[in-house]
Amino acid sequence: MRRHFVTALLCATLGWSGSALAQEKVLNVFNWSDYIDPTVLEDFTKETGIKVRYDVFDSNEVLETKLLAGKTGYDVVVPSGSFLQRQIKAGIFIPLDKSKIPNLQYAWPEVTKRLAVYDPDNAHAVNYMWGTTGIGYNVDKVKERLGDIPLNTWDIMFKPEILSKLKDCGVYVLDGPEEVIPTAMKYLGLDPNSKNPEDIQKAGELLMKVRPYIKKFDSSGYINALARGDICIALGWSGDVFQAKSRAAEAAKKTKKAPVNVDYALPKEGALMWFDNFAIPKDAKNIDNALVFINYMMKPEVAAKNTNYISYANGNLESQKYIDKDILSNPSIYPSKEVFDRLFIVTTNEPPVQRVITKVWNTFKRGK
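At position 368 of the sequence shown the residue is numbered 371 (my numbering), and the sequence of numbers has no breaks.
In structure tokens form, the structure reads like this:
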């Protein structure tokens with residue numbers, strides 16, 4: 004779920020006038036930032052003749068606000084699982100004409116099955132990428148402060164006596180209640196998908212104990228903060244942390260200095276598994292082009308190219324033949340079956356429950 008803040012378009016193929024748009028094959032896509040290999044868009048246009056206007060967002064809330072307002076101007080959007088579920092109930096998306104997406108034959112059955120919890124019969128969405136919410140950290144700085152204790156545990160984030168030792172070098176937490184509160188409930192031994200206000204309050208109490216040691220709530224800047232060595236640790240998304248690791252290595256090549264040593268820990272207690280998915284808004288103007296795009300993105304070679312670029316696992320089983328070995332063999336990106344089975348998902352919340360979550364989260368962020 005996910006992701007990153009970019010103020011400009013990742014890609015806008017060409018500038019065009021209103022009259023030109025009427026004559027050209029176009030597609031308007033709204034996706035998470037830093038979430039695609041740009042050459043994939045170029046290749047798509049070369050192959051299909053469809054020009055892509057590609058805009059980006061950095062939170063499900065931003066996307067949902069546009070979708071609920073209507074007249075988004077987009078033909079393909081990429082909501083995450085629990086938001087997708089709520090949006091389907093609100094009638095925001097059209098059912099997909101699967102006869103026009105033959106590459107669905109390459110979909111990963113296990114991922115498709117889990118996605119169906121949000122989208123019954125997988126009628127409205129196709130998985131693009133999936134990942135986990137865990138711990139990104141600066142290996143050297145954390146070791147200096149914590150020694151050789153195991154890091155694959157939520158103890159690092161939720162035990163005040165541990166997290167307090169990292170305060171001086173920077174602790175970031177995703178600005179996402181749907182990520183953090185269920186994780187806290189899981190750590191407490193509660194059902195992470197609980198809708199019980201008492202369970203949510205217990206998670207809030209746990210979070211308040213570590214609030215003094217959190218420097219910033221952030222869903223985008225922590226990538227570069229980790230890559231530059233500006234912070235010690237971040238509760239973040241798996242692929243983001245591996246992007247930080249790659250950026251640190253690239254920076255080291257340019258400066259000819261030792262790279263900042265970044266790594267990702269998938270906690271043994273279990274972690275949130277999230278799904279980012281292609282869907283078509285009901286007000287889309289270019290539905291056929293949208294289906295062509297989704298089908299193209301489900302080509303195994305294309306899905307692998309995106310995974311190799313952004314270091315997220317994708318929902319295309321056949322693509323694994325083309326994924327870089329260091330990514331495919333990384334258990335924090337493609338976990339073993341044992342770890343995979345411990346990953347949990349959360350479903351959408353009804354308004355009364357969401358109000359409790361919002362109140363708990365705002366109190367946590369304020370620290371009082």
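Backbone N, C-alpha and C define an ideal beta-carbon position, used for all residues, glycine too. No experiment lies behind these values; they were computed from the predicted model shown.
| Asked | Found |
| --- | --- |
| Count the other C-beta atoms from every protein chain shown that fall within 10 angstroms of the C-beta of Ile336, then say buried if there are 16 or more, exposed otherwise. | buried |
| With the cut-off set at 7 Å, would you say Phe33 and Asp58 are in Cβ contact? | yes |
| Spatial neighbours of Cys172 within its chain, please: CB distance less than 6 Å, with the 5 preceding and 5 following residues excluded, ordered by chain position. | Lys144, Cys235 |
| Hey, would you say Gln88 sits closer than 7 Å to Thr361, going by beta carbons? | no |
| Let me confirm a value: Glu181 is counted as buried when at least 16 other C-beta atoms fall within 10 Å, else exposed. Which label applies? | buried |
| Would you mind stating whether Gly76 and Asn130 have Cβ atoms separated by less than 7 Å? | no |
| Ends of the alpha helix (DSSP H) at Ala268? | Note, Ala268: premise wrong, no alpha helix (DSSP H); beta strand (DSSP E) at 265 to 268. |
| What did DSSP end up calling Asn352 once you bin it into helix, strand or coil? | coil |
| If you measure between the beta carbons of Lys170 and Leu191, is that distance less than 7 Å? | no |
| Around the Cβ of Arg369, are there at least 16 other Cβ atoms within 10 angstroms (buried) or fewer (exposed)? | exposed |
| Below 8 Å on the Cβ atoms is my contact criterion, and I expect Thr115 with Asn106 to pass it. Report the Cβ-Cβ distance as a whole number of Å. | So it is not a contact: roughly 13 Å between Cβ atoms. |
| Please state whether DSSP places Gly84 in a helix, a strand or coil. | helix |
| Exposed or buried, Gln108, counting other C-beta atoms within 10 Å across all chains shown (16 or more means buried)? | exposed |
| List the endpoints of the continuous beta strand (DSSP E) containing Ala237. | 236 to 240 |
| Counting only the same chain and skipping the five closest in sequence on each side, list residues whose C-beta sits under 8 Å from that of Leu209. | Phe161, Ala187, Tyr190, Leu191 |
| Can at least three beta-carbon pairs, one atom from the segment 221 to 240 and one from the segment 127 to 142, be found at a separation below 8 Å? | yes |
| If you draw a straight line from the C-alpha of Glu45 to the C-alpha of Asn311, how long is it? | 17 Å |
| Rounded to the nearest angstrom, how far is the Cβ of His127 from that of Ile91, given a contact under 8 Å? | 5 Å |
| Just to confirm my understanding: we take Gly207, look at its own chain, exclude 5 residues before and 5 after, and list those with CB closer than 7 Å. What are they? | Val363, Thr366, Phe367 |
| Please state whether the Cβ-Cβ distance between Ala274 and Leu193 is less than 7 Å. | no |
| According to the neighbour-count rule (16 or more other Cβ atoms, all chains shown, within 10 Å of its Cβ), is Ala11 buried or exposed? | Reliability fails at Ala11, whose pLDDT of 38 lies under 50, so the model's placement of it is uncertain and the value that follows must be treated cautiously. Ala11 is exposed by the Cβ-count criterion. |
| Excluding the five sequence neighbours on either side, which residues of its own chain have a C-beta within less than 8 Å of the C-beta of Pro338, listed in chain order? | Thr135, Leu269, Leu346 |
| What's the call for Glu147, buried or exposed, on a 16-neighbour Cβ count within 10 Å? | exposed |
| Which value, in whole angstroms, describes the spacing of the CA atoms of Lys248 and Lys260? | 15 Å |
| Name the DSSP beta bridge partners of Asp58, please? | Phe33 |
| Can you have a look at Glu287 and say buried or exposed, based on whether 16 or more other CB atoms are within 10 angstroms of its CB? | Per the sequence shown, residue 287 should be read as Ala rather than Glu. Ala287 comes out buried. |
| Are the CB atoms of Thr51 and Val295 nearer to each other than 7 Å? | yes |
| Please report the distance separating the alpha-carbon of Asn63 from that of Ser102. | 29 Å |
| Which whole-angstrom value is the C-beta distance of Ile297 and Asp78, which I expect to be below 8 Å? | In fact, because the Cβ distance is near 10 Å, the residues do not count as touching under 8 Å. |
| Just reading off the alpha helix (DSSP H) that Leu275 is part of, what are its end residues? | Here Leu275 belongs to no alpha helix (DSSP H); instead the beta strand (DSSP E) covers 275 to 281. |
| Have a look at Lys324 and Ser314 and give me their C-alpha separation to the nearest angstrom. | 15 Å |
| Could you check whether Tyr175 and Tyr225 sit closer than 7 Å to each other, using their CB atoms as the reference points? | yes |
| Count the other CB atoms within 10 Å of the CB of Ala93; is the residue buried (16 or more) or exposed (fewer)? | exposed |
| With 16 as the cutoff for other CB atoms within 10 Å, does Ser83 come out buried or exposed? | buried |
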